[in-house]
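Participant: What the sequence shown shows, in the working numbering, is residues 44 to 114, in sequence order.
Backbone N, C-alpha and C fix where the C-beta goes; we use that ideal spot for every residue, glycine too.
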Amino acid sequence: MSLKSHCEAVKRHYEKAERAASSGDYSKKETELKYARIALDHIKSCGKSEKQIAREGSDVLEMYKYGYKGL
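Shown next, in the form of structure tokens:
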């Protein structure tokens with residue numbers, strides 16, 4: 044998977060976790076947050092330089108540097 048794909052996966056799983064929390068399904072929320080953290084870890088441990096990551100897109104670089112909404 045590309046870093047861009049991992050970035051989209053983080054966003055997708057985080058949104059699913061928010062929906063699960065709003066519906067009261069806290070087990071699903073925790074599962075989706077776990078998947079979001081895994082995808083974020085893949086971005087952070089890719090072994091590429093910041094310059095290479097910046098080529099993937101600004102949102103990927105932002106996740107690499109700062110994480111995503113408290114994950």
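1) For cysteine 50, report the span of its alpha helix (DSSP H) as first-last.
2) How many Å lie between glutamate 73 and lysine 54 at the Cα?
3) Which two residues bound the contiguous alpha helix (DSSP H) that contains aspartate 102?
4) Quick one: grab the DSSP three-state call for leucine 83.
Facilitator: Here's the rundown:
1) Against the sequence shown, residue 50 aligns to sequence position 7. Residues 46-65.
2) Numbered from its first residue, the sequence shown carries residue 73 at position 30. Numbered from its first residue, the sequence shown carries residue 54 at position 11. Near 15 Å, if we compare the C-alpha coordinates of lysine 54 and glutamate 73.
3) For the purposes of this step, residue 102 is taken as the residue at position 59 of the sequence shown. Start and end: 101-109.
4) Translated into positions along the sequence shown, residue 83 becomes position 40. Note: leucine 83 maps to helix in three-state DSSP.
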